[in-house]
Amino acid sequence: MKRKIAVITFLFLSIVPNFSFAAFTYNSKEFQHVIEQLDMQGHADHDLSTCSVKKIYYEEVVDMLNEGKSQNDIIKSYVDEYGQAALRTPGTSWAGIFAWAMPAVGLLLGLWIVIKGMQKFTFKAKDSIETSPTPLQWQNDIEREIFEKTMDEERRKLF
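Start counting the sequence shown at 1; every next residue gets the next number (this note's numbering).
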């Protein structure tokens, strides 16, 4: 009988610590800290009741917290899977800042190329308008006749 009581007490005490661990919920501080950092593929600002993607993220984060993963591990797993786009703000490492700065640099570089191209085109057009074309100088009459015949044939083909 004492043995049964000892075994039951041992089993009860081994199960009790499992009950003492608090399960994480949507309202827990740790959960909110992780969710505030994730962009959730652009669904972070959507309503939870209508957005299925946000629901999936919430469930995944709660499951990971309940499995014992730390907040940094959860964020790192999302960054490993989706890259820096998984975060609402860029990471503080050089790779995170580089990933967030490249679109702006690309946009500025593209604008600069377009502006330089337009300047080149408009200055070239202004130069051609200001200068009058010089008349053709023929070295001899044969070249002039060949040119005139070729132009007449082309006009007949087109008109």
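Note that beta-carbon positions come from the ideal geometry of N, C-alpha and C, so glycine has one too.
The Cβ neighbour count for Phe159, taken over all protein chains shown within 10 Å, is under 16; the residue is labelled exposed. Each residue's CA atom was taken as its position, placing Cys51 and Ala95 some 31 Å apart. In terms of CA proximity to Ser28, Val62 leads the group Val62, Ile8, Ala44, Tyr57. Going by DSSP, Glu67 is part of no alpha helix (DSSP H) at all; its letter is neither H nor E. Phe24 and Glu36 have their alpha carbons spaced roughly 16 Å apart.
Cβ-Cβ separation between Tyr58 and Tyr26: approximately 6 Å, consistent with a contact (criterion under 8 Å). No Cβ-Cβ contact shorter than 8 Å links Ile75 with Met64. Gln84 places its beta carbon 8 Å or farther from that of Ala104. Taking the CA atoms as reference points, Thr92 sits about 12 Å from Ala101. By the C-beta density criterion, Met40 is buried, having at least 16 other C-beta atoms within 10 angstroms. Collapsing the DSSP output to three states places Leu48 in coil. Bridge pairing for Leu38: Leu87 [DSSP]. In the three-state reduction of the DSSP assignment, Ala23 falls in the coil class, being assigned neither a helical nor a strand state.
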